[in-house]
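Under the numbering used here, the first residue of the sequence shown is numbered 512, with each subsequent residue one higher. Where is the CB? At the ideal position from N, CA and C, for every residue including glycine. Given the structure is predicted, the values throughout are model-derived calculations rather than measurements. Notes follow once the structure below has been shown.
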Amino acid sequence: MFTPIFVWIKNFSKRLDLILLSSTLLLAGAGLVTMNSFTTESYFFDRQLIWIAVSLATFLILSSLDFRFLRRSGVLVAIFGSLSLVLLVLLVFGTSVRGARGWFRFGFISFQPADFMKLALILVLAKYFSRRHIEIANVRHILISGFYALIPFVLILRQPDFGSAVIIFSIWLGMIIVSGVSKKHLLAVLGLGAVAFSILWLFVFTPIQQTRIVSFLHPLEDIRGAGYNAFQSTIAVGSGQILGKGVGYGTQSRLKFLPEYQTDFIFAAFAEEWGLVGVLLLFVLFSIVIWRIVKAALLGASNFETLFAMGLVSFFVAHFIINVGMNIGLLPVTGLTLPFVSYGGSHLLSEFIGLGILMGMRRYSRATHRSNYQNEFLGGV
């Protein structure tokens, strides 16, 4: 009676990347432990546990689907256009959180559309570059793809959410690089980026965003003001030393000296309690996640699946580098989460949706040698 069910479960589990799934769940577990108070009811712990369950269920459902329908331009235009409209409506009706109007609030549930727009952009760019990888040397394709990225970039920057806007740019830049763009065009793009940043600084950035960047350059000048978060974060990371203070004994986070220890600065809170050993373990787990995504990219059924996987790599790596960088004082505070670790339903759900789509694509992946992939994709045709 139960034999068909067991057979289905066995076949389904073979299609999943259990190493990838285990690594993400361990990262999520590290975040849960850091949020837990161990003495009283933990609001963030309880809610995050629910979001992990919802995200995992969504991941498993998506892993069983065939996503070849995403190759259709009409489907992607509908997804991208709908989310762009949502971002536009958000500017008027959204809920303001820490000065950014980037959330819709429905009772006790908050929803951040920018997280899902990142996935939509990856899909759109994967479709665009997969059809034009042979002629990618033509600079017009860089400009057209840049226009696709510019739409969500501007809408998100208007909230203002500088951190998510940087991720949008990072996704586009990362996918431009893997698509085989020439070095001279890449330098031209970086030059345009520098010019664009100057224009943004003069005419777009709010005083709060300018203050954050200035406080990054001179953090000790305003320790009690704009530089307070970054200063407390570096203290927390340094005080962890080699083995950490022990789980539940992080004074900077538990005594609330470190603001937003469950979201933006959860890396600092984790480092304080687990020390260098725990941080290295965190890096290893994240590296495994990236390795498994890259492996899936190498076996993509077509360039569309390969580019989607590499877009996910850009997405996760940019989030990770920026979050860790701002926690140790090397980058400005941008309000970005640490993938799979920070508290929050929207970012966690979008991350598992991205991986679920990747697993669904993995069902019809090809077995090919890496040299074949390089010849076909990275400008070797």
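Looking from the CA of residue 817, the closest CA among 825, 824, 808 and 823 belongs to 808.
As the crow flies, the alpha-carbon of residue 653 is around 29 Å from that of residue 717. Around the beta-carbon of residue 651, fewer than 16 other beta-carbon atoms lie within 10 Å, marking it exposed. Secondary structure at residue 768: coil, using DSSP grouped into helix, strand and coil. Taking residue 672 as the centre and dropping the five residues before and after it, the same chain places the C-beta of 611, 613, 625 and 846 closer than 8 Å to its C-beta, in chain order. Between residue 527 and residue 870, the alpha-carbon positions lie close to 6 Å from each other. With contacts defined by Cβ atoms closer than 8 Å, residue 778 and residue 835 form a contacting pair. Proximity to residue 827 across 815, 635 and 863 peaks at 863, based on C-alpha coordinates. Secondary structure at residue 622: strand, using DSSP grouped into helix, strand and coil. By the Cβ neighbour-count rule, residue 752 is exposed, with fewer than 16 other Cβ atoms within 10 Å of its own.
By the neighbour-count criterion, in which 16 or more other beta carbons inside 10 Å mark a residue as buried, residue 692 falls on the buried side.
For residue 598, same chain residues with a beta-carbon under 6 Å away, outside a window of 5 residues either side, are 624 and 666 in chain order. For the options 554, 556 and 634, the alpha carbon positioned closest to that of residue 583 is the one of 634.
DSSP, reduced to helix, strand and coil, places residue 613 within a strand of the structure shown. Relative to residue 660, the option among 686, 670, 642 and 793 whose CA is nearest is 686. C-alpha of residue 748 to C-alpha of residue 787: approximately 9 Å in a straight line. Around the beta carbon of residue 856, 16 or more other beta carbons lie within 10 angstroms, which makes this residue buried. Taking 8 Å as the cut-off, the Cβ atoms of residue 852 and residue 542 count as close.
Distances from the alpha-carbon of residue 663 to those of 714, 680 and 743 put 680 closest.
Sorting 740, 860 and 573 by C-alpha distance to the C-alpha of residue 722 places 740 at the top. Residue 774 carries a coil assignment under DSSP once its states are collapsed to helix, strand and coil. For residue 558, the enclosing alpha helix (DSSP H) begins and ends at 554-574. Taking 8 Å as the cut-off, the Cβ atoms of residue 688 and residue 701 do not count as close. Judged by DSSP in its simplified three-state form, residue 762 adopts helix.
For residue 858, the CB contacts under 6 Å within the same chain, skipping 5 residues up- and downstream, are 626 and 848 in chain order. With respect to residue 811, residue 630 sits apart: the two C-beta atoms are not nearer than 8 Å. Looking only at 762, 574 and 795, the smallest Cα-Cα distance to residue 529 is reached by 574. The DSSP-derived three-state label of residue 606 is strand.
Residue 683 counts as buried, since no fewer than 16 other beta carbons sit within 10 angstroms of its beta carbon.
As the crow flies, the alpha-carbon of residue 677 is around 19 Å from that of residue 839. About 14 Å separates the beta carbons of residue 823 and residue 799, which is beyond the 8 Å limit, so they are not a contact pair.
In terms of CA proximity to residue 604, 670 leads the group 670, 772 and 576. Counting along the chain, no alpha helix (DSSP H) covers residue 875, and no H or E run does either. Excluding its 5 nearest sequence neighbours in each direction, residue 773 has C-beta neighbours in its own chain below 6 Å: 546, 555 and 854, listed in chain order. Less than 8 Å divides the Cβ of residue 755 from the Cβ of residue 789.
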